[in-house]
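Everything below concerns the one structure shown next.
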Amino acid sequence: MSDYIPKDGTLDVSETVHDFMNTIEHNPKKGVYDQLKLFGVNQKIEMFKLGFSIGYVHQLEFIPKEKGERNTVAPRGFPMENYRKFLNEEAIERKMSIGGLLSAYADAGLCHLQQHLDAGNDLMELIEV
Amino acid sequence: MRLTYLVLSDIGPFRGRHIFDFSSKDARSGYAFFAKNGRGKTTIYNAMKWALFGKVRRKSKLVDEQVVEGSLRPVVDEDDYDHMMMNYDAWKDDVPQSMSVLFIAEGEFGKLQVERTASCNSMARKDKHLQFSLTVSLNGTSYQGQAAEEEIAKVFPIELERFFFIDGEEVEAYTTMMKSSTQGIIDDIKSILRLPSLTRGIEDLRAIKRTYDDAIEAGAKKQLLDTKKEDKARTLNGQLNMVRKQIQETEEEIQRLQQRQSSFQEQIKGVAELKTYADEKLKVDSQIEMLQNTLKTSLETFIGDFSNAGNILLWNKLEPTYNALAEENDGQQNKRFALDRLKKDRKKVQETIDEFRSVCDKCHQPVLKAELFLKERQVEKDELDKEIKSLEGSGKTNPQQLRAKLTALETFQPNHGSYERLKRSYDFYLSQNKLLLNLKEKQRNLSDHVSEDSAKDINELAQKSARTDQALIKNENTLRDLRFKEDEFETKYKTARPKDSDSDAIDIVYDLRDTIQRFIVAIEGTVKSYSDKATEEVQKEASKVFLQLSNAPAAFSGIRLNKQFKASIYGSNGRPVVGASSGMEVIMTLSIIDALRTVSGLDAPVFFDTPARSLDKDHKNGMLNYFWRDDRSQFLIFAHSGEFTVDEIINEDLAVFNKAWELMWPEDLEMTCIHCWSKDVEHVSKHKNRCNECENITNSHSRQTAVKEVNLHE
Numbered sequence: 759m760s761d762y763i764p765k766d767g768t769l770d771v772s773e774t775v776h777d778f779m780n781t782i783e784h785n786p787k788k789g790v791y792d793q794l795k796l797f798g799v800n801q802k803i804e805m806f807k808l809g810f811s812i813g814y815v816h817q818l819e820f821i822p823k824e825k826g827e828r829n830t831v832a833p834r835g836f837p838m839e840n841y842r843k844f845l846n847e848e849a850i851e852r853k854m855s856i857g858g859l860l861s862a863y864a865d866a867g868l869c870h871l872q873q874h875l876d877a878g879n880d881l882m883e884l885i886e887v
Numbered sequence: 070m071r072l073t074y075l076v077l078s079d080i081g082p083f084r085g086r087h088i089f090d091f092s093s094k095d096a097r098s099g100y101a102f103f104a105k106n107g108r109g110k111t112t113i114y115n116a117m118k119w120a121l122f123g124k125v126r127r128k129s130k131l132v133d134e135q136v137v138e139g140s141l142r143p144v145v146d147e148d149d150y151d152h153m154m155m156n157y158d159a160w161k162d163d164v165p166q167s168m169s170v171l172f173i174a175e176g177e178f179g180k181l182q183v184e185r186t187a188s189c190n191s192m193a194r195k196d197k198h199l200q201f202s203l204t205v206s207l208n209g210t211s212y213q214g215q216a217a218e219e220e221i222a223k224v225f226p227i228e229l230e231r232f233f234f235i236d237g238e239e240v241e242a243y244t245t246m247m248k249s250s251t252q253g254i255i256d257d258i259k260s261i262l263r264l265p266s267l268t269r270g271i272e273d274l275r276a277i278k279r280t281y282d283d284a285i286e287a288g289a290k291k292q293l294l295d296t297k298k299e300d301k302a303r304t305l306n307g308q309l310n311m312v313r314k315q316i317q318e319t320e321e322e323i324q325r326l327q328q329r330q331s332s333f334q335e336q337i338k339g340v341a342e343l344k345t346y347a348d349e350k351l352k353v354d355s356q357i358e359m360l361q362n363t364l365k366t367s368l369e370t371f372i373g374d375f376s377n378a379g380n381i382l383l384w385n386k387l388e389p390t391y392n393a394l395a396e397e398n399d400g401q402q403n404k405r406f407a408l409d410r411l412k413k414d415r416k417k418v419q420e421t422i423d424e425f426r427s428v429c430d431k432c433h434q435p436v437l438k439a440e441l442f443l444k445e446r447q448v449e450k451d452e453l454d455k456e457i458k459s460l461e462g463s464g465k466t467n468p469q470q471l472r473a474k475l476t477a478l479e480t481f482q483p484n485h486g487s488y489e490r491l492k493r494s495y496d497f498y499l500s501q502n503k504l505l506l507n508l509k510e511k512q513r514n515l516s517d518h519v520s521e522d523s524a525k526d527i528n529e530l531a532q533k534s535a536r537t538d539q540a541l542i543k544n545e546n547t548l549r550d551l552r553f554k555e556d557e558f559e560t561k562y563k564t565a566r567p568k569d570s571d572s573d574a575i576d577i578v579y580d581l582r583d584t585i586q587r588f589i590v591a592i593e594g595t596v597k598s599y600s601d602k603a604t605e606e607v608q609k610e611a612s613k614v615f616l617q618l619s620n621a622p623a624a625f626s627g628i629r630l631n632k633q634f635k636a637s638i639y640g641s642n643g644r645p646v647v648g649a650s651s652g653m654e655v656i657m658t659l660s661i662i663d664a665l666r667t668v669s670g671l672d673a674p675v676f677f678d679t680p681a682r683s684l685d686k687d688h689k690n691g692m693l694n695y696f697w698r699d700d701r702s703q704f705l706i707f708a709h710s711g712e713f714t715v716d717e718i719i720n721e722d723l724a725v726f727n728k729a730w731e732l733m734w735p736e737d738l739e740m741t742c743i744h745c746w747s748k749d750v751e752h753v754s755k756h757k758n759r760c761n762e763c764e765n766i767t768n769s770h771s772r773q774t775a776v777k778e779v780n781l782h783e
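Those sequence lines, one after another, are chains A and B. With the working numbering applied, the first sequence corresponds to residues 759 to 887, in that order. With the working numbering applied, the second sequence corresponds to residues 70 to 783, in that order.
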């Protein structure tokens with residue numbers, strides 16, 4: 759067994775994904791209701807979690823990191839240890855931090871979601887397994 | 070006034086008809102009836118009272134200085150014929166029975182003839198069986214019944230009876246009354262001074278004034294009530310006017326709205342086709358507006374439900390792991406329970422081995438097969454140790470780590486039904502969104518037919534029309550309510566408004582009341598003034614009479630009356646006389662009575678029964694000298710033989726009477742005919758003489774009174 763102990767790491771998403779996150783955010787002040795929005799304002803963590811779930815459950819391939827800045831998702835209130843409980847082994851295998859693993863899955867998941875929606879597919883197809 | 074004739078028929082001791090002729094050319098006022106007791110003096114006195122007033126009372130009595138009036142004397146009474154007025158023989162023998170008195174007088178009023186009769190066709194036992202009749206003739210005019218009584222009262226007022234019918238036996242009672250000033254004498258004196266007639270006038274005026282006061286009070290109350298009613302009516306009228314104004318305004322507003330509505334309808338008619346599209350567009354707009362609201366809600370619901378989407382999805386992946394871990398955890402739990410149980414059993418076996426003895430504690434006998442027993446327990450213990458070791462060796466996972474992992478995974482477990490809820494809210498949002506898109510498409514299509522501005526204008530027009538309609542309905546409702554209010558206020562106003570009152574009438578009542586009040590004050594002043602003056606005159610006149618009648622005029626200054634007509638004799642020293650004799654007091658009373666007559670101007674004869682009772686000779690003589698004068702009213706005395714005799718009056722040169730009569734029974738005469746007074750009579754039988762001149766029989770035991778006029782010239 760390896761002696762590698764994964765660190766917590768940071769939670770971040772690519773610029774593209776971050777932009778996408780903004781498009782699925784519903785701002786009541788704008789008064790637009792005829793476009794599907796998935797989250798309320800300040801729910802980036804929830805979006806991140808959804809992205810991770812999609813990526814992890816569908817075992818999507820990680821997207822190579824783009825050049826440029828990555829957008830950090832504020833880890834405040836993020837239950838990193840709970841995730842560690844079932845990601846620790848994979849993190850060891852991939853020699854990644856837990857945050858890094860989470861971010862990779864989230865990036866892939868959210869990107870997939872964007873593609874899925876852009877393609878005009880049903881959102882719930884992604885949720886149903 | 071002078072009495073001219075008196076005719077008595079069957080009254081008292083006078084059987085048959087007896088005529089007394091008082092007419093005379095002589096101016097002297099004195100008339101006298103002389104008789105012994107029982108001969109009929111008082112009967113004549115009472116007969117005149119009965120003729121004038123229709124009733125005769127028994128003599129008054131003085132009880133505790135109060136005069137108690139006597140009871141009425143009956144004309145007939147079978148139970149008390151000693152006191153009845155009708156002649157006993159007439160009552161006993163005559164059929165029909167009759168008693169009558171004819172009283173004829175002359176005066177300023179002319180000739181007065183009064184005839185009162187009591188009669189019965191059979192024998193009357195009581196007065197109720199009699200028929201009474203009164204006929205009065207005044208200057209040839211006849212009066213009957215009540216009218217006749219009223220004519221008599223004009224000349225002989227009954228309230229003044231005491232001042233022309235004087236009963237010597239009652240003078241003492243009079244005196245007592247005058248000395249103590251009782252109400253009775255005060256009333257009498259007021260009567261003779263005619264004060265009651267004046268005060269009656271005041272009472273009448275006061276009664277009228279009270280009527281006016283009541284009317285004024287009622288008027289004032291009514292006025293107050295009317296004022297309140299007027300206030301209320303005024304308020305109601307104000308409200309009514311306000312309502313009417315509101316009605317007018319509302320009617321005008323309705324008219325204006327109707328015109329406006331007509332105008333709108335005309336305009337709408339002109340764009341009828343466009344209006345169909347406009348209406349449809351309006352409807353779609355409205356639906357879109359409503360749907361957007363629904364969409365907003367459904368999106369928010371969906372977003373709320375979608376926050377669990379990550380966990381829902383993740384749990385699909387984690388759930389098998391979680392279940393496996395949970396199963397492992399359960400297995401570990403069971404193993405722990407089994408280990409605990411085995412360790413407990415092993416401990417018990419060990420304790421049994423440790424505590425075992427080969428001798429029984431109770432019976433102290435050696436235990437059979439002890440060794441075998443211990444050996445079996447040891448085997449049992451070894452097997453338990455083997456099982457414990459086996460269990461403790463199984464299982465690699467740390468239970469604590471296992472539980473921590475389970476707890477961590479549980480945080481990703483979504484609530485039951487979360488997915489279904491999410492699916493439902495998602496589908497609903499999509500359906501609503503689709504509907505919205507369709508409506509928007511419809512809206513776009515409609516916009517091709519009717520421009521936004523036109524639709525807006527048409528809608529505005531329609532809205533204005535609708536608003537006008539609503540305003541019309543509202544105003545019509547208001548108008549209906551106002552008309553109802555108007556009716557209500559009108560009814561209330563009509564009820565509340567006081568009826569027209571004649572304010573002039575109440576003013577007249579005020580004036581009349583004030584006038585009457587002035588009359589009352591004036592009359593009261595006059596009465597008081599008259600009363601004071603009359604009292605003063607009575608006092609002056611009474612003093613004059615008293616000094617003339619007194620047998621010692623030098624000793625007295627006269628009589629004084631206070632305001633309550635209490636009389637006192639005053640000495641010449643100016644002090645009241647204490648302990649005056651009864652005779653002196655009788656003279657005082659007579660003086661006052663005469664003074665009252667003089668002051669009041671009462672011109673009626675004086676009938677004085679037993680006048681000299683309790684008077685000494687000087688007083689008797691003085692009285693006759695005073696009353697029997699030419700310048701006085703008739704003064705009739707009814708004297709018994711103890712008071713005056715004809716001889717005494719003539720011989721002692723007393724005032725000479727005009728006419729006088731002697732009343733006698735036959736036994737008072739010796740050998741004299743009572744019919745023609747002839748002395749030429751002869752005895753014909755026991756107690757009977759026959760007159761040789763008139764040939765009538767005179768029964769000397771008869772108690773019928775005969776009247777003989779005294780001839781002054783004889």
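Note that the Cβ used here is the ideal one computed from N, Cα and C, for glycine as well. Quantities reported herein were computed from a predicted structural model and do not represent experimental measurements.
Member of the options whose CA lies at the smallest distance from the CA of residue i
{"i": "Tyr114/B", "options": "Arg86/B, Gly81/B and Ser92/B", "result": "Gly81/B"}
{"i": "Leu469/B", "options": "Val312/B, Asn398/B, Leu411/B and Lys509/B", "result": "Contrary to the premise, residue 469/B reads as Gln rather than Leu in this sequence. The shortest Cα separation from Gln469/B among Val312/B, Asn398/B, Leu411/B and Lys509/B belongs to Asn398/B."}
{"i": "Glu177/B", "options": "Met70/B, Ala222/B and Val183/B", "result": "Met70/B"}
{"i": "Arg834/A", "options": "Leu859/A, Leu881/A and Gln801/A", "result": "Gln801/A"}
{"i": "Met155/B", "options": "Arg185/B, Leu453/B, Asp716/B and Val607/B", "result": "Arg185/B"}
{"i": "Ser206/B", "options": "His152/B, Cys760/B and Phe172/B", "result": "Phe172/B"}
{"i": "Gly711/B", "options": "Ser683/B, Asp737/B and Lys632/B", "result": "Ser683/B"}
{"i": "Thr363/B", "options": "Asn392/B, Gln308/B, Lys278/B and Tyr498/B", "result": "Tyr498/B"}
{"i": "Glu721/B", "options": "Ile271/B, Leu693/B, Glu739/B and Asp700/B", "result": "Leu693/B"}
{"i": "Leu808/A", "options": "Asp374/B, Asn768/B, Leu262/B and Phe553/B", "result": "Asp374/B"}
{"i": "Glu230/B", "options": "Val125/B, Glu175/B, Lys314/B and Glu299/B", "result": "Val125/B"}
{"i": "Ser140/B", "options": "Val418/B, Glu147/B and Met153/B", "result": "Met153/B"}
Per-residue burial, residue i [other beta carbons within 10 Å of its own, 16 or more giving buried]
{"i": "Pro822/A", "result": "exposed"}
{"i": "Asn190/B", "result": "exposed"}
{"i": "Gln793/A", "result": "exposed"}
{"i": "Asp663/B", "result": "buried"}
{"i": "Arg108/B", "result": "buried"}
For residue i, the three-state DSSP class (helix, strand or coil)
{"i": "Leu684/B", "result": "coil"}
{"i": "Thr480/B", "result": "coil"}
{"i": "Met192/B", "result": "coil"}
{"i": "Met854/A", "result": "coil"}
{"i": "Arg759/B", "result": "strand"}
{"i": "Ile743/B", "result": "coil"}
{"i": "Ile763/A", "result": "coil"}
{"i": "Pro143/B", "result": "coil"}
{"i": "Gly85/B", "result": "strand"}
{"i": "Phe677/B", "result": "strand"}
{"i": "Asp413/B", "result": "The residue asked about is misnamed: residue 413/B is Lys in this sequence, not Asp. Looking at Lys413/B - three-state DSSP - the assignment turns out to be helix."}
{"i": "Tyr791/A", "result": "coil"}
Below-8 Å beta-carbon distance, residue i vs any chain E residue
{"i": "Asp876/A", "result": "The displayed structure is made up of protein chains A and B, and chain E is not among them."}
Terminal residues of the alpha helix (DSSP H) in which residue i lies
{"i": "Tyr346/B", "result": "Ala341 to Phe375"}
{"i": "Arg644/B", "result": "Here Arg644/B belongs to no alpha helix (DSSP H), and DSSP marks it neither H nor E."}
{"i": "Val715/B", "result": "Val715 to Asn720"}
{"i": "Lys223/B", "result": "Gly214 to Val224"}
{"i": "Met247/B", "result": "Gly237 to Ser249"}
Continuous beta strand (DSSP E) stretch holding residue i: start and end
{"i": "Ser516/B", "result": "Note, Ser516/B: premise wrong, no beta strand (DSSP E); alpha helix (DSSP H) at Ser487 to His518."}
Discussion item. With a threshold of 8 Å, are at least 3 pairs of Cβ atoms found where one atom belongs to the segment 654–664 of chain B and the other to the segment 196–215 of chain B?
Written reply: In short, these stretches do not touch, since the Cβ pair count stays below three.
Worksheet item: At a cut of 8 Å, does the segment 323–339 of chain B reach the segment 529–547 of chain B through at least three beta carbon pairs?
Response: Output reads yes: the segment 529–547 of chain B touches the segment 323–339 of chain B.
Worksheet item: Touch check for the segment 237–245 of chain B and the segment 620–633 of chain B: three-plus C-beta pairs under 8 Å?
Response: Short answer: they don't touch.
Worksheet item: Using 8 Å as the Cβ pair cut-off and three pairs as the minimum, do the segment 417–432 of chain B and the segment 367–383 of chain B touch?
Response: Under the Cβ criterion (8 Å, minimum of three pairs), the segment 417–432 of chain B does not count as touching the segment 367–383 of chain B.
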